[in-house]
Amino acid sequence: MARRFDDKRRGRDGAREGRPSPSFSPSRQAPSHAPSGRPVIYGFHAVIEALKNPRRKAMVLHITENALNRLHEAMPKLPVAPRLARAEEIDRMTGSGAVHQGLALEVDGLPAGDLADLSGEGTVIVLDQVTDPHNVGAILRSAAAFAAEAVIITERHAPDAIGVLAKTASGGLEHVPLIEVGNLAQALVKLGDLGYWRVGLDSEGPEDLEKSLATGPIALVLGAEGRGLRRLTRERCDTLARLDMPGAIKSLNVSNAAAVALAVVTRFRTAK
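Next up, the structure:
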């Protein structure tokens, strides 16, 4: 059965460059910034991977005593001095309802990724107007699990690479570059020039994904809910393909579709 790929917008975790978005509500949504104004990453796995990442500059670790005991078990030597804090303090940094697990790390942003840095040998994920931070974070987590080279998104409406996105990525943000591009169609042309076989996932694609793959580097292109891939995006793909599955559910969330597609690519390469 053909599958549709959904990107259900749940709202952003905060405004870019520290500015609250127009829909920001202090009681419901947090900017994911510390009182210092620096962005924060929260959640056990996201924080520990950030602390291990030599490219990530960690500034202040706000942490409860219980969380510190747990963190020391996993990482006895911390690269930054912890600051003991109450859970309520961390709540104010991360927002009501955020599952911070008792720790929040003030950080500087990672160096910006660039298409020119790609090896031209592996797999990249290209997202066409996928803006929900939960979905982008989940895709980053899958990308890290399947050793993808990068996740590429459009600059416009891109979710902040902190807060909800970083928590959902569960450390994947520290291992897979998140590359923002101004023009996705031009980026796809560049990927083609670098040798990537560009496969657009579409529920009406002419063949199953595995049959559409080619040896060499692969760019998996996924679109947002409802609209799917835009016209220019489709035109810049080498082929369109669908995910055929035997189950009764006819649609997949875009993050689930990305994980399945990465598994298909991995199986295809292993069999060669």
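In terms of my numbering, the sequence shown opens at residue 1 and continues consecutively. Using N, Cα and C, we set each Cβ at its ideal position, and we do this for glycine too. These numbers were taken from a predicted model, which means no experiment stands behind them.
Item, Value
"Please state whether the Cβ-Cβ distance between L194 and A150 is less than 9 Å.", "no"
"Specify, as a first and last residue, the run of the alpha helix (DSSP H) that L229 falls within.", "No alpha helix (DSSP H) holds L229; DSSP gives it neither H nor E."
"So L103 packs on P133, CB below 8 Å; how close in whole Å?", "Actually they do not touch by this definition, with Cβ atoms about 19 Å apart."
"Output the boundary residues of the beta strand (DSSP E) element that contains A138.", "Run containing A138: none in the beta strand (DSSP E); it sits in the alpha helix (DSSP H), 133-145."
"Taking only beta-carbon positions, decide if A144 is within less than 9 Å of chain D.", "Of the protein chains in the structure, only one exists, and it is not chain D."
"Rounded to a whole number of angstroms, what is the C-alpha to C-alpha distance between G171 and K77?", "18 Å"
"Along the chain, where does the alpha helix (DSSP H) containing I249 start, and where does it finish?", "Careful: I249 lies outside any alpha helix (DSSP H) and carries neither H nor E."
"Does the structure place the segment 39-56 close enough to the segment 104-120 that three or more beta carbon pairs sit under 8 Å?", "yes"
"Should A74 go down as buried or exposed, given a rule of 16 or more other Cβ atoms within 10 Å for buried?", "exposed"
"Please report the straight-line C-alpha distance between P22 and A112, rounded to a whole angstrom.", "With a pLDDT of 33 at P22, under the threshold of 50, the predicted position of this residue should be treated as unreliable, though the coordinate-derived value follows. Approximately 26 Å between the Cα atoms of the pair."
"When the Cα atoms are used, what is the spatial distance from A259 to D238?", "21 Å"
"Please report the distance separating the alpha-carbon of L173 from that of T131.", "16 Å"
"Alpha carbon to alpha carbon, how far is L273 from V80?", "Since the first and last residues shown for the chain are 1 and 272, residue 273 lies out of range."
"What beta strand (DSSP E) runs, 3 residues minimum, are completely inside the segment 95-130?", "103-107, 123-128"
"Note down the Cα distance separating L37 from A271, rounded to an integer number of angstroms.", "Note that residue 37 is Gly in the sequence shown here, rather than Leu. So the alpha carbons of these two residues sit roughly 49 Å apart."
"So which of A138, N183, A161 has the shortest CA-CA distance to A169?", "A138"
"Can you tell which of L184, E89, V99, N66 has the C-alpha that lies nearest to the C-alpha of A46?", "V99"
"Going by beta-carbon coordinates alone, are E121 and I152 separated by less than 9 Å?", "no"
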